[in-house]
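First up is the structure itself, then whatever we jot down about it.
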Amino acid sequence: KSKRSRANDHEEEEGRTEMSESGTQLFARLEARRCLKDVEPRLFADDGGPDRGEVVEVYGPEGTGKTELLYHLLCRCVLPEAAGGLEVDVVFVDTDYSLDMFRLASVLDSRLNAGGSAGSDDAVLRLCLSRLLVVRCSSSSQLLLTLHFLETTLSSRPRAALLLIDSISAFYWSDRSEGGASVAKQEEKLSRCSELLGRLLRDYRITIFATCHPIRRGSNGPPSSSEADRSHLCRAWQRLVTHRLVCSRQEAQHNPANGDEGSGEQRNWQVFTVHCSSWTGTKGSRVSSFRVTDGGVEDGSESGSSDVWFYQ
1 KSKRSRANDH EEEEGRTEMS ESGTQLFARL EARRCLKDVE PRLFADDGGP
51 DRGEVVEVYG PEGTGKTELL YHLLCRCVLP EAAGGLEVDV VFVDTDYSLD
101 MFRLASVLDS RLNAGGSAGS DDAVLRLCLS RLLVVRCSSS SQLLLTLHFL
151 ETTLSSRPRA ALLLIDSISA FYWSDRSEGG ASVAKQEEKL SRCSELLGRL
201 LRDYRITIFA TCHPIRRGSN GPPSSSEADR SHLCRAWQRL VTHRLVCSRQ
251 EAQHNPANGD EGSGEQRNWQ VFTVHCSSWT GTKGSRVSSF RVTDGGVEDG
301 SESGSSDVWF YQ
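Counting from 1, one number per residue, gives the positions in the sequence shown under full-length UniProt numbering.
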């Protein structure tokens, strides 16, 4: 063949490859992913939890149970259906380096045992953990690259339905420092991250939960109304958020189930409150309470009750 003919054949082959790749990505986008509206009925308002393509911001100071709440939702997703789970894949983007795999495995093991299936079987636990992909980032630039990488990940994992980010505000102060006096420069990286997240939501119809810390580090009580209602993050991120969970910590409550105060290993429960606001559907709101135990998150509405949210 002539050089021109060989060049044309090469271009046609490259074109077929590109069509094949884009077709695979299109199939991954169009394939229906698991809806997570029922991921935690007790947490969200009557109109249900987040639908495909929606974002939940989990807001509150340190020590108000935000990461434990993410563990709770993560376990709900990766657990087998026989144990009350949804059997979907989860991507956990850890920007605070707060993910404790030993803690997560312990909560999963407790949930498996409570489900009455082969709870203590190591193979079942490993299967649950195989549904989890963990990525760690130490800067906004790394987060931006990670979100680019996630498009390939979501294409190859059609069962991935949930993206967890702990936390979306981790690099707020470093970005402000790098941006100097220009607000646009300060918010540039998070704005670009938000644009990428918006594309992932639109193309792959996943659900996102992301924690967010207040600007001021103070008491762990309920944030003031002005602080809780107005996010300090960029507008590009605020436009993505469809549900907001505002977390606060209550005073420790006495646990009467222990009977004699001197014999109980744990006489007090630390109770956390979550106020949920939704801007989709019927635009409802709800206040829930929970406590954190060795087995994970439990319902805190009734003192002494040990009913786990998963199995209500």
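In this text, a Cβ means the ideal position worked out from N, Cα and C, and glycines have one as well.
Here's a check: name, in chain order, each residue in its chain whose Cβ is nearer than 7 Å to the Cβ of residue i, leaving out the five neighbours to either side.
i, result
"LEU150", "VAL91, LEU200"
"ALA123", "none"
"CYS128", "VAL78, LEU79, LEU108"
"residue 383", "No answer is possible for residue 383: it lies beyond the span of the chain, which begins at 1 and ends at 312."
State the CB to CB distance for the pair residue i and residue j, rounded to an integer number of angstroms; the pair is presumed to be in contact (CB under 8 Å).
i, j, result
"PHE272", "ARG244", "Incorrect: roughly 16 Å between the Cβ atoms, too far for contact."
"SER140", "ALA210", "With 8 Å as the limit, SER140 and ALA210 do not qualify as a contact, their Cβ atoms being about 14 Å apart."
"ASP160", "ASP94", "It is Ala, not Asp, that sits at residue 160 in the sequence shown. In fact, because the Cβ distance is near 16 Å, the residues do not count as touching under 8 Å."
"ILE206", "LEU163", "5 Å"
"LEU233", "CYS212", "7 Å"
"LEU145", "LYS189", "In fact, because the Cβ distance is near 11 Å, the residues do not count as touching under 8 Å."
"THR153", "LEU133", "7 Å"
"THR64", "ARG249", "5 Å"
Are there 16 or more other CB atoms within 10 angstroms of the CB of residue i, so buried, or fewer, so exposed?
i, result
"GLY180", "exposed"
"LYS185", "exposed"
"VAL58", "buried"
"PHE102", "exposed"
"TYR71", "buried"
"SER169", "buried"
"SER226", "Confidence at SER226 is low in this model, with a pLDDT of 47, below 50, so its placement is unreliable and no value can be given for it."
"ARG34", "buried"
"TRP279", "exposed"
"GLU54", "buried"
"TYR97", "exposed"
"GLU40", "buried"
Name the DSSP beta bridge partners of residue i, please?
i, result
"ASP96", "ASP96 is not bridged to any residue."
"PHE290", "PHE272, ASP299"
"GLU57", "ALA210, ARG244"
"residue 314", "Outside the displayed range of the chain (1 to 312) lies residue 314, so it cannot be described from this structure."
"SER135", "Reading the sequence as shown, one finds Val at residue 135 and not Ser. According to DSSP, which records beta bridges pairwise, VAL135 is partnered with VAL93."
"SER285", "SER277"
"ARG249", "PHE272"
Grab me the residues of residue i's own chain with a C-beta within less than 6 Å of its C-beta, minus the 5 sequence neighbours each way, in chain order.
i, result
"VAL56", "PRO50, PHE209, HIS243"
"SER288", "ARG42, LEU43, VAL274"
"LYS66", "VAL58, GLY60, THR211, CYS247"
Query raised in the report: What are the uninterrupted segments assigned as beta strand (DSSP E) that are 3 or more residues long and contained completely in the segment 139–223, given in chain order?
Result: 160–166, 207–212
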